[in-house]
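Trainee:
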Amino acid sequence: MTVIPASELRAHTAAILRRVEAGEEFEVLRDDRPIARIVPLRRRGSWVPATEMVSELTRLGRDTTGLADELHETLAETTDDI
11 MTVIPASELR
21 AHTAAILRRV
31 EAGEEFEVLR
41 DDRPIARIVP
51 LRRRGSWVPA
61 TEMVSELTRL
71 GRDTTGLADE
81 LHETLAETTD
91 DI
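Per the numbering used here, residue 11 is the first one in the sequence shown, and the count goes up by one each step.
Rendered as structure tokens:
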């Protein structure tokens, strides 16, 4: 992640946004303190692999609903060979 001062963002907004669009991430500092992160958005309609979704649910913390286990079980029952 590239770290830049807020003044650089203000002076080069268009160029920085082009870099974000290309996939780069920025952390913006004010008075040497992080105040914002600029990251690319996922494209609408893109599929997230099921394994990535289960990993994200795991990262979020203990699942008290059982959803992560249910999704993990469902993965074994699905196929990409249609």
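C-beta: ideal position from N, C-alpha, C; glycine also. What you are looking at is a predicted structure, and each value in this text was computed from that prediction instead of being measured.
#1: Could you check what DSSP says for E37 in three-state terms: helix, strand or coil?
#2: State buried or exposed for I26, treating a residue as buried only when at least 16 other CB atoms are found within 10 Å of its CB.
#3: If you follow the beta strand (DSSP E) that V30 is part of, which residue opens it and which one closes it?
#4: For the candidate residues V38, E18, G33, whose alpha-carbon lies nearest to that of L51?
#5: Determine the extent of the beta strand (DSSP E) in which V64 is found, giving its start and end residues.
Mentor: Working from what's here:
#1: Residue numbering aside, residue 37 sits at position 27 when the sequence shown is read from its first letter. Here E37 carries a strand assignment [DSSP, helix/strand/coil].
#2: Taking the sequence shown and counting its residues from 1, one reaches residue 26 at position 16. With 16 or more other Cβ atoms within 10 Å, it is buried.
#3: Within the sequence shown, the letter at position 20 stands for residue 30. Element bounds for V30: not the beta strand (DSSP E) but the alpha helix (DSSP H), 23-31.
#4: Start at 1 with the first residue of the sequence shown, and residue 51 comes out as number 41. Cα-wise, what sits closest to L51 is G33.
#5: Here the question's residue 64 lines up with position 54 in the sequence shown. Segment 60-69 is the alpha helix (DSSP H) holding V64; no beta strand (DSSP E) there.
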